[in-house]
Amino acid sequence: MAIEVRIPTILRTYTDGAKAVPGSGDTLADLLVDLEARHPGVRARLVEENGELRRFVNVYLNDEDVRFTGGLTTKLDDGDTVTILPAVAGGSI
Amino acid sequence: MSQLPPLVEPATELTVDEVRRYSRHLIIPDVGMDGQKRLKNAKVLCVGAGGLGSPALMYLAAAGVGTLGIVEFDTVDESNLQRQIIHGQSDIGRSKAESARDSVKEINPYTEVVLHEERLEADNVMEIFGQYDLIVDGTDNFATRYLVNDACVLLNKPYVWGSIYRFDGQASVFWSEHGPCYRCLYPEPPPPGMVPSCAEGGVLGVLCASIGSIQVNEAIKLLMGIGEPLVGRLMIYDALEMTYRTVKVRKDPECAVCGKNPTVTELIDYEAFCGVVSEEAQEAALGSTITPRQLKEWFDAGENIDLIDVREPGEYEIVKIPGSRLIPKNEFLMGRALEDLPQNKRIVLNCKTGVRSAEVLAVLKSAGFADAVHVGGGVIGWVNQIEPEKPVY
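For the record, the sequence lines run as chains A and B.
For the first sequence, our numbering assigns the number 8 to the initial residue and increments by one for each residue that follows.
For the second sequence, our numbering assigns the number 70 to the initial residue and increments by one for each residue that follows.
#1: Got a sec? Which residues, its chain only, sit under 7 Å from B:A130 by beta carbon, not counting five neighbours each side?
#2: With a threshold of 6 Å on Cβ separation, who are the neighbours of B:I455 within its own chain once the five nearest residues in sequence on each side are excluded?
#3: State the start and end residues of the unbroken alpha helix (DSSP H) segment that holds B:V110.
#4: Pull up the CB-CB distance for B:N110 and B:P74, whole angstroms please, since I reckon it's below 8 Å.
#5: Name, going along the chain, the residues of the segment 187-215 of chain B whose beta-carbon falls closer than 9 Å to a beta-carbon of chain A.
#6: Whose CA, out of A:E71, A:T81, A:P93 and A:R45, lies closest to the CA of A:R62?
#7: To which residues of the same chain is B:V328 closer than 7 Å at the C-beta, ignoring the five residues directly before and after it?
#8: Taking Cβ positions only, does A:R62 come closer than 8 Å to chain B?
#9: With a cut-off of 8 Å, do at least 3 Cβ pairs link the segment 420-429 of chain B to the segment 385-400 of chain B?
#10: Taking B:M403 as part of the beta strand (DSSP E), name the residues at either end of that continuous run.
#11: Threshold first: 4 residues or longer. Then list the alpha helix (DSSP H) segments lying entirely within the segment 122-173 of chain B, N to C.
#12: Tell me which same chain residues have a C-beta within less than 6 Å of the C-beta of A:H46, skipping the five on either side of it?
#13: List the endpoints of the continuous beta strand (DSSP E) containing A:G30.
#14: Using a Cβ-Cβ distance cut-off of 8 Å, determine whether B:N399 contacts chain A.
#15: What separation, rounded to the nearest whole angstrom, lies between the Cα atoms of B:A220 and B:L407?
#16: Determine the direct distance from the alpha carbon of A:E43 to that of A:D84, and round the result to whole angstroms.
#17: So, A:I14 versus A:L53, is the Cβ gap smaller than 8 Å?
#18: Please report how far the alpha carbon of B:N225 lies from the alpha carbon of B:K414, in whole angstroms.
#19: Find the nearest neighbour of B:G119 within the set B:H94, B:I96 and B:D209, judged by alpha-carbon distance.
#20: What residues of chain A sit near B:V316, judged by a beta carbon separation below 9 Å?
#21: Kindly say whether A:T16, judged by its beta-carbon, lies nearer than 8 Å to any beta-carbon of chain B.
#22: Taking the alpha helix (DSSP H) that B:G447 falls in, what are its first and last residues?
#23: What are the start and end residues of the beta strand (DSSP E) that includes B:Y228?
#24: Grab the span of the beta strand (DSSP E) containing B:K317 for me, first residue to last.
#25: Could you name the residues that DSSP lists as bridge partners for A:P93?
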């Protein structure tokens, strides 16, 4: 099952600079395992050690925030787009 | 989200001069005399007169907003001019607030400007925000963002937000009475060191205009009560692809500040909430920080050290400490760089100012490099103390 995963600038070091990579899985959790197999390290940037999604990284299934659609158990379909969007602050500290 | 009622009442009248000045607005049916009079009566606060604040203030002034407040305590630096177009060459070294006021007055003498030349803090934000109808945030750092958000929720003010990073921009309107707040979008800030700031990432100058103009567009719509506000939606702009996308932002019933059972009912310590340097990094740096002068002495004495610069390649190209080699911070965070480090040399780390090198130091210490140190003040400190003829950025 082909799903397009859109990678934010700050995580493209895991995808050799690619802005979007293909992935597969019946649920978001499956998709992240699939991504990790080809892009080691990326899953830990999205998921806490306790298995929950990190609270400063949002994941959207198409235009819906997965926090409101079942989190990691969210079901995925062929042709879906998953967008990863971490909180970013551009200004100086 | 459908149309909302206008945020401000119309002023009693426009003068003949004002009618001439705003004629291209007045002939738009959705604006008209009524909309322009509302702008005249509006009080808008812009937090920061920097990258986003520059175009925001200039367009808000040109549009005819009656009162513009500016929160800014910094001075104009040469490195600001690549994107902060409200300031010019002759303003270098001046107060940014005063420089911004002069530009605003030059664009529109009818706009009243109120300067707040102080850092926005929990103890002054309520008093300052209370004087305005709407807040435009142009500061773009986590501590200020959560402070502005919480104050806006507590005062029930619309918060027009924007963020920029390299070629990527985002914008939204947070207004808890009608939709989500920033904490509904991101309940917690990322831990320090996990997410870069533009100080290390850079920003395309014109991106400030792309996002700042969206912020002004949304502010004007709210003030006049026209169109569909960007409440409950997040605009995502990619300047390289030239695409705009929106995703939904839902009001979180569990939100700490605007949810059903809020736990944040007054302002908190935002520097502590967001952090700048992680606890691990602070601990690692304790007793393992050297000055640029000490580093120079170690070089001169022929000490057996390996100086590693953990910045990005583009930064390294601008200026570096002689004898350093580049391994960007991410290579350490991903664990790839550790196995190539020499065991028979003392590792010395540097970055721009000492924040990132402290984060990497924590990684090295936990990997067993007990005698590793980092350079406090980074390459900027080195240039200032040892090689003042080199450029800083």
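Where a beta carbon is used, it is the ideal one built from N, C-alpha and C, also for glycine.
Since the structure is predicted, the reported quantities are computational estimates derived from the model, not experimental observations.
If we stick to the structure as given:
#1: Residues of the same chain with a CB within less than 7 Å of the CB of B:A130, apart from the 5 flanking positions on each side, are L137, V173, I176, N177 and T180 in chain order.
#2: Within its own chain, the residues whose Cβ lies closer than 6 Å to the Cβ of B:I455, once the five positions on either side in sequence are excluded, are P361 and K365, listed in chain order.
#3: The amino acid occupying residue 110 of chain B in the given sequence is Asn; Val does not appear at that position. Residues G101 to N110.
#4: Not really, about 15 Å apart at Cβ, beyond 8 Å.
#5: Residues of the segment 187-215 of chain B whose Cβ lies closer than 9 Å to any Cβ of chain A, in chain order: G207, T208, D209, N210, F211, A212, T213 and R214.
#6: By alpha-carbon distance to A:R62, the top candidate from A:E71, A:T81, A:P93 and A:R45 is A:P93.
#7: According to the sequence provided, residue 328 of chain B is Gly. The question's Val does not apply to it. Closer than 7 Å at the Cβ level, and outside the excluded window around B:G328, lie D321 and P322.
#8: By the rule that beta-carbons nearer than 8 Å mark a contact, A:R62 touches chain B.
#9: Yes: at least three Cβ pairs fall under 8 Å.
#10: Per DSSP, B:M403 lies in no beta strand (DSSP E) and is assigned neither H nor E.
#11: List check, alpha helix (DSSP H) in window: 122-132.
#12: Here the set comprises Y21 and T22.
#13: Residues A27 to G30.
#14: Chain A contact via Cβ: present.
#15: The straight-line gap from Cα to Cα measures roughly 44 Å.
#16: Cα to Cα, the separation comes out at about 19 Å.
#17: No, the pair does not count as a contact, with Cβ atoms beyond the cut-off.
#18: The alpha-carbon atoms of B:N225 and B:K414 are separated by roughly 58 Å.
#19: Of all alpha-carbon atoms in B:H94, B:I96 and B:D209, the one lying nearest the alpha-carbon of B:G119 is that of B:D209.
#20: At a C-beta separation below 9 Å, B:V316 has these neighbours in chain A: N65, Y67, N69, D70, E71, D72, T90 and L92.
#21: Yes - at least one Cβ of chain B is within 8 Å of the one on A:T16.
#22: Per DSSP, B:G447 belongs to the alpha helix (DSSP H) from G447 to Q454.
#23: From DSSP, the beta strand (DSSP E) with B:Y228 extends over Y228 to Y234.
#24: Looking at the DSSP string, the run of the beta strand (DSSP E) that includes B:K317 is T312 to K317.
#25: Paired residues: A:V64.
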